[in-house]
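These notes are about the structure you will find just below.
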Amino acid sequence: MANTDNVIPHAALTGHEEHGGHAGHAGHDEHADHGKPHGFWHRWLTSTNHKDIGTMYLVFSCIMFFIGGAFAMAIRAELFKPGLQFLDPALFNNFTTMHALIMIFGAVMPAFVGLANWMVPMQVGAPDMALPRMNNFSFWILPFAFTLLIGSVFVPGGGLAGGWTMYPPLMVQTGYALPMGIFAIHLMGASSIMGAINVIVTIMNMRAPGMSLLRMPLFVWTWLITAFLLIAVMPVLAGAVTMLLTDHFFGTSFFNAAGGGDPVMFQHIFWFFGHPEVYILILPAFGIISEILPTFARKPLFGYDAMIYATASIAFLSFIVWAHHMFTVGLPLASELFFMLSTMLIAIPTGVKIFNWSATLYKGSLSFEPPMLWALAFLFMFTIGGLSGLMLAMAPADFQYQDTYFVVAHFHYVLVPGAIFAIIGGVYYWLPKWTGHMYDMTLAKWHFWLSTIFVNVLFFPQHFLGLAGMPRRIPDYATQFADWNMVSSIGGFCFGASQILFPIIIWQCVRGGAKAPGRVWEGARGLEWELSSPPPYHSWTEAPGLATLEHGAPVHQTHG
Amino acid sequence: MKIKPLLPATLAGLLPLLRAPAAHAAWTLNLTPGVDQVSRDIYGLHMLMFWWCMGIAVVVFGFMIYSIARFRRSRGAIADTSLTHSTRVEVIWTTIPVLILISMAVPAARVLVETTDTDGSQMAIRITGYQWRWTYEYVGMGVKFVSSLDRRSDAARQLDSGIDPYSVPHYLLNVDHPMVVPAGVKIEVLVTGGDVIHSWWVPALGIKKDAIPGFINVAWFDVDPDKIGTYRGQCAELCGRGHGFMPIVVKVVSKADFATWLKQQQAIAKSQAGVAALQATSPGPPPPANAL
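Protein sequences, first through last, are from chains A and B. Quick note on the working numbering: the first sequence kicks off at 983 and runs consecutively. Quick note on the working numbering: the second sequence kicks off at 122 and runs consecutively.
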């Protein structure tokens, strides 16, 4: 039988035996391995299997994390002491731009897509994603996009150096790197949009019978909402960067005042994308945390419905706060007031989520395996990032914070001990499921503690630097900023070095380790834990029959 | 053992790194109140937010730490799996944050409105950002000049200059021609850009306004009469390779000293050479009439 990969067999839905071939078969394994390509290149280049594609996204994202991290290490090395030691200022600006673009578009977003690919089908009881060939294409665009982006560093005239926010008129002063970078962004955007379509179609159409929307796991819910955000705003980014391109090459004046245009219009368009984008970068993380905490608290997530409403509220509000990135551009008073108030409003559903997670811990029975450690660190440090965000929302105070290290500290707190820690926690949570082996717990705890301590050494002093008056995106600084910069740089080097443990642990786990059961963690609930570890190459080829749902975590009723 | 002699050598090598800087306080933790009413009000708002955030953090982290410490499996805690939702609790912990936010929004809105109130300004200075220097034009007073990074800082900041930044007074925060203003006078600044977007930021005045080519942004300040002194700031919007090297220096003097300075500057401006040089560096055509 060809192409059974992405079709739920009729038998599962109607109860009839079809094709006669089912009777007398030895078991699931034969069908489960059906269609697995042979040969390394054929397998990985042409795979339409959500597990393989998920793996490729995660490996790609890990590589990009280290490349983006290398740019960060260079930045912190230059900022270790006052004076210019290593980098020409233009190269420094290129490095800060590349660091952000690679981390956002190459590390965090592909990691979330990789986790979605691996987990969403298994969690909803589907055999694969709805559009497996488009899935393959979505992934394979990325290596090309990033070759173009990283290649732009080396072209004559210098690489992209206007910040990841790419404001004109400065950005229009870029040379050959501009079209390379913009084309790379278009490719990445196309990949994200296709991935988002795939997620939505899968979730809306391929859930196992009995899994209504309000019974889906939180990770699936947050990805569903994220996918809508992606489809809404990635085209807006595409529009904005295309206008940069035409301003530079085709004589348009979208952002050129002398030609009748407005540089601030770019900022409006960019941040209309940019603010939902930062929620795209955190909503799947919220989903991961909502999976991990109940497992290790041995207690269902507190306030399942409230969590979904809060996530949906955050997503809606994210569209009407964008100009809080623009408080100093000279907006009319009414606009400044509106955006200040709407930004403050987002604190409410975000706080509700934090309270619900905390209530999940309350009266639980907590154990502290590595995934739990990362999730708890997220809970604390994302809260810190959220509180500094609330301070930033106050427009007149933001006059002192905008474009300083206070902002840098805020977004790194929500992105690093926020999104990145959630991704790492998710990997440690699901890795035994994917590989069938437990990993070295001791080494994983070393990874955790070193990361947690040094991420704070790295980013907490940056709050002080911003308040002391240090602007961002500068390669050299006045001597009164030297002390905290040195502390931050030391934190950066140690944090960066600690990350080397991660691929080592993963690689050892892939190669071998203690055998992992289907339900890897005692408190884990959800359809993915009903499958073996590792799961069959094609899982849920027959839709699972769902037993009584436990607070949003459907339990598979086995047929004996 | 090889480690023993290595350790003192490493420590000795690290010691110079711990030297305290020549100027300004190191290890700074916080904003300062600044030198006029607006900057003080901004500082007050900042501190209000800070203490609210500290209070929220104490409560929230306290609850988290309590739960983590008390409900550990290793201490025999059994999970209460019936505790899964409570509409009452959701309403409470939604309502309380709303009330807290309202108490923050009221002073914030007041301070925001205050920063826009340019009524009664007694003088205006047009500030233009260029790559990579500022120009200051005292509107209607016939004074205009360029303010660039001072020469000693500029020499020291070059890659491999060999000059110790600590040996340069106000390294990267010094200019050749500071903006001189009188204390106790309400002054409007009209900020614009000459090439790309810059941002004029002086923390002590509580002002940060983007300098956008083709548009004029307005801010105001009125330095307390007892706050005579020199206040420094930097460009706050990435503007190319020289972004970190175009500082701002505002020298606040008494009204009498300002009058003296103004006369001197006007005399300089009147000389033919001064006028011609300035015209050679003047910015392009005036912005469109509807730009504000």
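Idealized CB from N, CA, C, for every residue including glycine. Quick caveat: nothing in here was measured; it's all calculated off a predicted structure.
Find out if the Cβ-Cβ distance for the pair residue i, residue j is shorter than 8 Å.
i	j	result
Tyr352 of chain B	Ala1460 of chain A	no
Phe1364 of chain A	Val1396 of chain A	yes
Lys376 of chain B	Asp343 of chain B	no
His935 of chain A	Ala1506 of chain A	Because chain A is modelled from 983 through 1542, residue 935 of chain A falls outside the range shown and cannot be assessed.
Lys1427 of chain A	Leu1355 of chain A	yes
Phe1475 of chain A	Ala1404 of chain A	no
Leu1169 of chain A	Gly1096 of chain A	no
Met1080 of chain A	Phe1042 of chain A	no
Ile217 of chain B	Leu1343 of chain A	no
His1062 of chain A	Asn1467 of chain A	It is worth fixing the name first, because residue 1062 of chain A is Phe in this sequence and not His. Yes, these two residues count as a Cβ contact at 8 Å.
Ala178 of chain B	Leu1369 of chain A	yes
Arg254 of chain B	Ser274 of chain B	no
Lys348 of chain B	Pro299 of chain B	no
Val1154 of chain A	Leu1200 of chain A	no
Phe1255 of chain A	Val1218 of chain A	yes
Ile1436 of chain A	Ala1450 of chain A	First, the amino acid is wrong: residue 1436 of chain A is Phe here, not Ile. Their beta carbons are not under 8 Å apart, which means Phe1436 of chain A does not touch Ala1450 of chain A by this criterion.
If you compare alpha carbons, which of the options is closest to residue i?
i	options	result
Lys329 of chain B	B:Gly165, B:Gly250, B:Ile223, B:Leu169	B:Gly250
Tyr1310 of chain A	A:Gly1448, A:Ala1391, A:Asp1385, A:Tyr1039	What sits at residue 1310 of chain A in the sequence shown is Thr, not Tyr. Taking only the C-alpha atoms, the option nearest Thr1310 of chain A is A:Asp1385.
Leu1425 of chain A	A:Pro1414, A:Ser1300, A:Phe1298, A:Leu1483	A:Leu1483
Ala1529 of chain A	A:Glu1512, A:Pro1516, A:Thr1523	A:Glu1512
Met1188 of chain A	A:Gly1256, A:Ile1123, A:Pro1109	A:Pro1109
Trp322 of chain B	B:Lys307, B:Asn338, B:Asp316, B:Ser188	B:Asn338
His206 of chain B	A:Tyr1286, A:Val1218, A:Leu1211, A:Pro1138	A:Tyr1286
Cys360 of chain B	B:Thr202, B:Ala190, B:Ile369, B:Val317	B:Val317
Gly1141 of chain A	A:Ile1330, A:Val1181, A:Leu1083	A:Leu1083
Ser1300 of chain A	A:Leu1227, A:Thr1208, A:Tyr1383	A:Thr1208
Leu928 of chain A	A:Leu1315, A:Phe1360, A:Ala1375	Because chain A is modelled from 983 through 1542, residue 928 of chain A falls outside the range shown and cannot be assessed.
Glu1259 of chain A	A:Leu1226, A:Glu1273, A:Ala1178, A:Leu1211	A:Leu1211
His1230 of chain A	A:Ile1175, A:Thr1156, A:Ala1166	A:Thr1156
Gly315 of chain B	A:Pro1245, A:Ala1220, A:Ser1134, A:Met1468	A:Pro1245
Tyr1387 of chain A	A:Pro1352, A:Pro1353, A:His1445, A:Ala1377	A:His1445
Gly1448 of chain A	A:Pro1516, A:Pro1071, A:Ile1271, A:Met1373	A:Met1373
Ile1271 of chain A	A:Gly1408, A:Glu1524, A:Leu1369, A:Ile1488	A:Gly1408
Leu204 of chain B	A:His1307, A:Met1216, A:Ala1279, A:Gly1163	A:Ala1279
Glu358 of chain B	A:Trp1023, A:Tyr1383, A:Pro1217, A:Phe1201	A:Tyr1383
Pro1378 of chain A	A:Gly1312, A:Pro1191, A:Ile1435	A:Gly1312
Arg209 of chain B	A:Asn1338, A:Phe1074, A:Cys1491, A:Ile1057	A:Asn1338
Any chance the CB of residue i is under 7 Å from a heavy atom of the ligand GDP?
i	result
Phe1048 of chain A	As presented, the structure is devoid of all ligands, the ligand GDP included, so that no description of it is given.
Go to residue i, then tell me how far its alpha helix (DSSP H) extends in each direction, as first and last residue.
i	result
Val1398 of chain A	Taken as a continuous stretch (DSSP letters only), Val1398 of chain A belongs to no alpha helix (DSSP H), as it is neither H nor E.
Ile1486 of chain A	1483-1493
Thr402 of chain B	Element bounds for Thr402 of chain B: n/a, residue is neither H nor E.
Arg209 of chain B	208-236
Arg1189 of chain A	Neither: Arg1189 of chain A is in no alpha helix (DSSP H) and is coded neither H nor E.
Val1041 of chain A	1032-1060
Pro978 of chain A	Beyond the ends of chain A as shown, which are 983 and 1542, falls residue 978 of chain A; an answer cannot be given.
Gly1256 of chain A	1245-1262
Gln1382 of chain A	1377-1383
Thr1028 of chain A	1022-1028
Could you check where the beta strand (DSSP E) with residue i kicks off and where it finishes?
i	result
Arg247 of chain B	244-251
Lys440 of chain B	Past the edges of chain B, shown from 122 to 413, lies residue 440 of chain B, and the structure says nothing about it.
Ser268 of chain B	264-268
Tyr442 of chain B	Beyond the ends of chain B as shown, which are 122 and 413, falls residue 442 of chain B; an answer cannot be given.
Pro303 of chain B	300-303
Item to check | Minimum length 3: unbroken beta strand (DSSP E) runs contained in the segment 315-366 of chain B | outcome: Scanning the segment 315-366 of chain B for uninterrupted beta strand (DSSP E) segments of 3 residues or longer gives 319-323, 328-332, 338-342, 350-356, listed from N- to C-terminal end.
Item to check | Segment contact flag, the segment 1231-1246 of chain A with the segment 1282-1300 of chain A, C-beta cutoff 8 Å, min 3 pairs | outcome: Short answer: they don't touch.
Next on the checklist: I want to know whether the segment 1340-1351 of chain A touches the segment 222-240 of chain B - three or more CB-CB distances under 8 Å.
Outcome noted: Taking 8 Å as the limit for Cβ pairs, the verdict is that the segment 222-240 of chain B does not touch the segment 1340-1351 of chain A.
Next on the checklist: Does the contact criterion of 3 or more C-beta pairs under 8 Å hold for the segment 370-385 of chain B versus the segment 294-304 of chain B?
Outcome noted: Judged by Cβ distances under 8 Å, the segment 370-385 of chain B makes contact with the segment 294-304 of chain B, as three or more pairs qualify.
Checklist entry - Can you give, in chain order, each stretch of the alpha helix (DSSP H) that sits fully within the segment 1297-1371 of chain A and has at least 4 residues? => result Positions of the alpha helix (DSSP H) runs, each at least 4 residues long and wholly inside the segment 1297-1371 of chain A, are given as 1315-1343 in order along the chain.
Next on the checklist: Does the contact criterion of 3 or more C-beta pairs under 8 Å hold for the segment 1049-1058 of chain A versus the segment 1096-1112 of chain A?
Outcome noted: Segments in contact, no.
Item to check | contact_flag[the segment 1236-1251 of chain A, the segment 1136-1154 of chain A] where n(CB pairs < 8 Å) is 3 or more | outcome: The segment 1236-1251 of chain A is in contact with the segment 1136-1154 of chain A.
Checklist entry - So does the segment 1318-1338 of chain A actually touch the segment 219-230 of chain B, counting three or more Cβ pairs closer than 8 Å? => result As far as the Cβ criterion goes, the segment 1318-1338 of chain A touches the segment 219-230 of chain B, which means the pair count is three or higher.
Item to check | Every unbroken alpha helix (DSSP H) within the segment 1409-1480 of chain A, with a cutoff of 4 residues, ordered by chain | outcome: Listed in chain order, the complete alpha helix (DSSP H) runs (minimum 4 residues) inside the segment 1409-1480 of chain A are 1423-1450, 1464-1480.
Next on the checklist: Would the segment 1447-1463 of chain A count as touching the segment 1066-1074 of chain A if we require 3 or more Cβ pairs under 8 Å?
Outcome noted: The segment 1447-1463 of chain A, when compared against the segment 1066-1074 of chain A, does touch it at the 8 Å Cβ threshold.
Checklist entry - Where are the alpha helix (DSSP H) runs, 4 residues long or more, that stay fully inside the segment 1082-1163 of chain A, in chain order? => result Entirely contained in the segment 1082-1163 of chain A, the alpha helix (DSSP H) runs reaching 4 residues are, in chain order, 1091-1106, 1114-1133.
Item to check | Cβ contact check for the segment 1119-1131 of chain A and the segment 1171-1185 of chain A: 3 or more pairs under 8 Å | outcome: The answer is yes - the segment 1171-1185 of chain A touches the segment 1119-1131 of chain A, with three or more Cβ pairs under 8 Å.
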